[in-house]
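Peer 1: Dropping the structure in here first, questions after.
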Amino acid sequence: MGNPIKLMLLGITILLVTIFFQQVVSPVGGNPSPVLQLLLVLGIGTTLVGFFKNK
Numbered sequence: 001m002g003n004p005i006k007l008m009l010l011g012i013t014i015l016l017v018t019i020f021f022q023q024v025v026s027p028v029g030g031n032p033s034p035v036l037q038l039l040l041v042l043g044i045g046t047t048l049v050g051f052f053k054n055k
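Heads up: the sequence shown begins at 1 in the working numbering, then just goes up one per residue.
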């Protein structure tokens, strides 16, 4: 996983899956579960690491 583009794609994939599960699992207007929030932060962090590693 040393390739920055692969890291960015992994982060974006984590974000998309998290958003999908948030829409399916969480009720409308409800707060997302802590696990989904953690996955969202993990996806954003992975994407940013890949982006800055690419520079």
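Ideal Cβ placement from N, Cα and C applies to all residues, glycine included. Please read these numbers as outputs of a predicted model, since none were measured by experiment.
What three-state label does DSSP hand V17 in the structure shown?
Peer 2: DSSP places V17 in helix when its eight states are reduced to three.
Peer 1: Would the segment 41–54 count as touching the segment 15–30 if we require 3 or more Cβ pairs under 8 Å?
Peer 2: Touching, yes.
Peer 1: Select from F51, T47, S33 the residue whose C-alpha is nearest the C-alpha of L10.
Peer 2: Nearest of F51, T47, S33 to L10, Cα basis: T47.
Peer 1: Using 10 angstroms around the beta-carbon of G30, count the other beta-carbons present and answer buried if the total reaches 16, otherwise exposed.
Peer 2: By the neighbour-count rule (16 or more Cβ atoms within 10 Å), G30 is not buried but exposed.
Peer 1: What separation, rounded to the nearest whole angstrom, lies between the Cα atoms of L28 and M8?
Peer 2: The amino acid at residue 28 is misidentified as Leu; the sequence shows Val. Cα-Cα distance, rounded: 29 Å.
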